[in-house]
Amino acid sequence: MADIVSTIKQVFPLRTVVIVGDLVADQFLNGTISRVSREAPVFILRHDDTTTLPGAAANAAMNVASLGGKPVLIGCAGADPNGDMLIDTLGSAGVNCEGVRRSETIRTTTKVRVLAGQHYAVRQQVIRIDYESPPELTDEIKAELRKNLARVEREADAMIVSDYGYGAVFPEIFADALAYSKARGIPLIVDSRFGLEKLANATTATPNREEVEQILGANFAPEDCSRLLERLGLRALLVTNGNQGMSLFDQGKEPLHIPAVGPTEPVDVTGAGDTVIAAYSLGLASDLGFRESAIIANHAGGIVVMKKGTAAATSQLLIKSLCGDGAELSSHAK
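The sequence shown lines up with residues 1407 to 1740 when you count with the numbering used here.
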């Protein structure tokens, strides 16, 4: 454990992770239920405040930064207020956004989660409203994203491809990332909400259980994941199982089940997968093995699910969690 802690403290700050993928603005609209409407049998929600946080690939970049690494983000956002808030937040956190293409032809993908409750009560999510751009980007934007990736690939110690189905991960840019990874011998870590099979031959992938079920069907067995590992041409497959922890399938080794860290009832799982891929990638970028990197990712994920909203783990909390100081996680939960 001392070696892992030393790596987090001394090596993570030296590592650059390039993140290619879909940028999302996660908005949390908080309101207080005041009364029942006279117009219809519905509650009236009085707006209190709205918070905008980076989601999807942008959240992975935020987590790389909060864990001490140097994130470089490649993606696109609209030239709109939500895009402005997203880029401002990322820049303030130390994320390099020079590779983000802003365009008036697209809308910044925004997920508005409405959180409602009465005075002094816990706010509960009652509905989510999604604002999306068409998933197909123009040829001009695609060409620019590929150029942006080409400009920074030599800086990368690892690359993440984060595909949420909003168009930023298209075949040509994935082929570019794969070629750069192979040529330079750096890890390429992929995650895809709907198209993992289209991202074959990367170094490793971090799907959740539902995403694996889309490919293998429900009630898949460990041997099924081992075969999927070979089918996708991966060296390792890290499957996240919510409050049941993670399962790592490492080529040529016995599968490893990693129990969940902390309480089994999370506060909020929003963005936990982005934290996992960020921590896992920083571990691999720092020359740790798949197993050590998966352990780091498991602890990082355990931290953020105890926070409300889209959250990021910090290197300080990660070290405390790895050293067994569970009380610190509860005291820092927000």
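Positions of the beta carbon are idealized from the N, C-alpha and C atoms, including for glycine. These numbers come from a predicted model, not from an experiment.
Cβ-based neighbour list, residue i, same chain, cut-off 6 angstroms, excluding 5 preceding and 5 following
i: Glu1559; result: Tyr1586
i: Ala1718; result: Met1468, Asn1469, Ser1472
i: Val1417; result: Ser1692
i: Lys1604; result: none
i: Asp1597; result: Ser1568, Thr1612, Ile1683
i: Glu1510; result: Ala1485
Segment limits, beta strand (DSSP E) that includes residue i
i: Asp1454; result: 1449-1462
i: Tyr1686; result: Where Tyr1686 is concerned, there is no enclosing beta strand (DSSP E), although the alpha helix (DSSP H) it sits in stretches over 1678-1691.
i: Asp1597; result: 1594-1598
i: Gln1524; result: Run containing Gln1524: none; DSSP gives neither H nor E here.
i: Ser1509; result: 1502-1509
i: Ser1568; result: 1564-1569
i: Leu1479; result: 1476-1484
i: Tyr1572; result: Counting along the chain, Tyr1572 falls outside any beta strand (DSSP E), and DSSP gives it neither H nor E.
i: Gly1427; result: 1422-1427
i: Ala1642; result: 1642-1646
i: Leu1662; result: 1662-1664
Residue interval of the alpha helix (DSSP H) (run including residue i)
i: Val1618; result: 1615-1622
i: Gly1707; result: 1696-1710
i: Leu1654; result: Looking at the DSSP string, Leu1654 is not in any alpha helix (DSSP H); the run it does join, the beta strand (DSSP E), is 1652-1656.
i: Gly1497; result: 1487-1498
i: Ile1547; result: 1545-1558
i: Arg1590; result: 1577-1590
i: Ser1721; result: 1721-1728
i: Ser1443; result: It is not in any alpha helix (DSSP H) - Ser1443 carries neither H nor E in the DSSP assignment.
i: Pro1628; result: 1628-1637
Residue of the options minimising C-alpha distance to residue i
i: Tyr1526; options: Ala1666, Asn1436, Ser1727; result: Asn1436
i: Thr1495; options: Leu1459, Asn1625, Val1506; result: Leu1459
i: Phe1434; options: Val1520, Lys1415, Asn1647; result: Val1520
i: Leu1551; options: Glu1578, Phe1626, Val1682, Pro1540; result: Glu1578
i: Val1618; options: Thr1610, Thr1609, Cys1631; result: Cys1631
i: Val1430; options: Arg1641, Asn1488, Ala1446, Asp1545; result: Asn1488
i: Gly1571; options: Gly1591, Ser1539, Lys1588, Ile1425; result: Ser1539
i: Thr1544; options: Ser1687, Ile1533, Arg1508; result: Arg1508
i: Asp1656; options: Asn1625, Ala1627, Phe1696; result: Phe1696
i: Thr1612; options: Leu1594, Asn1625, Tyr1537, Ala1627; result: Leu1594
i: Leu1761; options: Ile1683, Arg1633, Met1565, Gly1623; result: The requested residue 1761 does not occur in the structure, where the chain is confined to residues 1407 to 1740.
i: His1453; options: Thr1515, Gly1523, Gly1601; result: Gly1523
i: Glu1616; options: Thr1646, Val1596, Asp1582, Thr1681; result: Thr1646
i: Glu1564; options: Pro1419, Lys1415, Ser1687, Thr1413; result: Looking at the sequence provided, one finds Ala at residue 1564 rather than Glu. Of Pro1419, Lys1415, Ser1687, Thr1413, the residue nearest in Cα terms is Ser1687.
i: Gly1461; options: Asp1582, Gln1620, Thr1681; result: Thr1681
i: Lys1553; options: Val1532, Asp1582, Asp1490, Ile1566; result: Asp1582
Cut-off 7 angstroms between Cβ atoms - residues of its own chain near residue i, not counting five sequence neighbours on either side
i: Asn1607; result: Leu1584, Gly1639
i: Gln1650; result: Ala1666
i: Leu1728; result: Met1407, Ile1410, Val1411, His1705
i: Ala1678; result: Gly1707, Val1710, Val1711
Residue environment, residue i, which counts as buried when at least 16 other CB atoms sit within 10 Å
i: Ile1450; result: exposed
i: Leu1690; result: buried
i: Arg1441; result: exposed
i: His1792; result: Absent from the model: residue 1792. The displayed extent of the chain is 1407 to 1740, so no value can be given.
i: Val1528; result: exposed
i: Asp1428; result: buried
i: Arg1557; result: exposed
i: Asp1674; result: In this predicted model, Asp1674 has a pLDDT of only 49, less than 50, meaning its place in the structure is not dependable; the value taken from the coordinates is given anyway. With 16 or more other Cβ atoms within 10 Å, it is buried.
i: Arg1590; result: exposed
i: Gly1658; result: exposed
i: Val1424; result: buried
i: Thr1456; result: exposed
i: Ala1624; result: exposed
i: Ile1535; result: exposed
i: Gly1573; result: buried
i: Ala1627; result: exposed
i: Ser1653; result: buried
i: Lys1588; result: exposed
i: Gly1730; result: exposed
i: Gly1497; result: exposed
i: Ala1446; result: exposed
i: Leu1555; result: buried
Neighbourhood of residue i by C-beta, 8 angstroms cutoff - its chain only, sequence neighbours within 5 removed
i: Ser1443; result: Phe1449, Ile1450
i: Ala1685; result: Asn1469, Leu1473, Ser1699, Ile1702, Ala1703, His1705, Ala1706, Gly1707, Ala1719, Leu1724
i: Arg1599; result: Asp1569, Tyr1570, Gly1571, Glu1617
i: Phe1576; result: Leu1543, Lys1548
Distance cut-off 7 angstroms: residue i Cβ against heavy atoms of the ligand MN
i: Glu1559; result: The ligand MN is absent from the structure shown, which contains no ligands of any kind.
Do three or more CB pairs link the region 1477-1484 to the region 1494-1513 at distances below 8 angstroms?
-> yes
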